[in-house]
Amino acid sequence: MFQKDIQLCVFLRNQLGKLAEVCDLLGSRGVNIRALNVSPGPDFGVMRMVVDDVGRAEAALEEQGLPYLEVEVLAADLPNRPGMAARLGKTLSDAGVNIEYTYFSGGAPDTKALMVFMVSDIEKALDCLRGCVLE
315 MFQKDIQLCV FLRNQLGKLA EVCDLLGSRG VNIRALNVSP GPDFGVMRMV VDDVGRAEAA
375 LEEQGLPYLE VEVLAADLPN RPGMAARLGK TLSDAGVNIE YTYFSGGAPD TKALMVFMVS
435 DIEKALDCLR GCVLE
């Protein structure tokens, strides 16, 4: 339910169609984007994503000369129901773990949502969440 995962941060020019190009590139290589967030900037944006095959995604990005970084994040597969993010946030806060940023990928109600968190201390977060039931 809770685990470390790799987030790829791809740096893109803030130009029409660049996001679609990267998504198309990954899709053409059979890479599924499990969760995605884009933070814009004046000239460049940062595309943060968790994918199902990091190695294949990195190979595709490198072939196209797209700069990226690997970042370790906390990933949580939780029921897609109201209040789940709040409960997880409170659990981490009560343990003294700060959430620096987060993004989600959800589906229909009563399915699982992938919640991705950049936290101040991933090991402490995992320790406090071991055995935690947020159903």
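The sequence shown begins at 315 in my numbering and counts up one residue at a time.
Idealized CB from N, CA, C, for every residue including glycine.
The model shown is predicted, which means the values in this text are computed figures rather than measured ones.
ask   = Between which two residues does the beta strand (DSSP E) containing Cys323 stretch?
value = Along the sequence shown, one-based indexing puts residue 323 at 9. Unbroken beta strand (DSSP E) run through Cys323: 316-327.
query = alpha helix (DSSP H) containing Ala399: first to last residue?
reply = For the purposes of this step, residue 399 is identified with residue 85 of the sequence shown, where counting begins at 1. Per DSSP, Ala399 belongs to the alpha helix (DSSP H) from 398-408.
inquiry  = Since Leu406 and Val364 should fall inside the 8 Å C-beta cutoff, what is the C-beta to C-beta distance between them, to a whole number of angstroms?
reply    = As a position in the sequence shown, residue 406 is number 92, starting the count at 1. As a position in the sequence shown, residue 364 is number 50, starting the count at 1. Going by Cβ atoms, the distance from Leu406 to Val364 rounds to 18 Å, so no, they are not a contact pair.
task = Let me know the secondary structure DSSP gives Leu330 once reduced to three states.
result = Within the sequence shown, the letter at position 16 stands for residue 330. Reduced to three states, the DSSP call for Leu330 is coil.
message = For Ala354 and Phe431, what's the separation of their Cα atoms in angstroms?
response = The sequence position of residue 354 within the sequence shown is 40, counting from 1. The sequence position of residue 431 within the sequence shown is 117, counting from 1. One detail in the question is off: residue 354 reads as Pro in this sequence, not Ala. Straight-line Cα distance between these residues: approximately 19 Å.
query = Taking the C-alpha atoms as reference points, what is the distance between Asp408 and Arg401?
reply = Looking up residue 408 in the sequence shown gives position 94. Looking up residue 401 in the sequence shown gives position 87. When rounded, the distance between both Cα atoms is 11 Å.
Reference Val336; option with closest CA among Pro381, Met315, Asp319, Ala439 = Counted from its first residue, the sequence shown places residue 336 at position 22. Among Pro381, Met315, Asp319, Ala439, the Cα nearest to that of Val336 is on Pro381.
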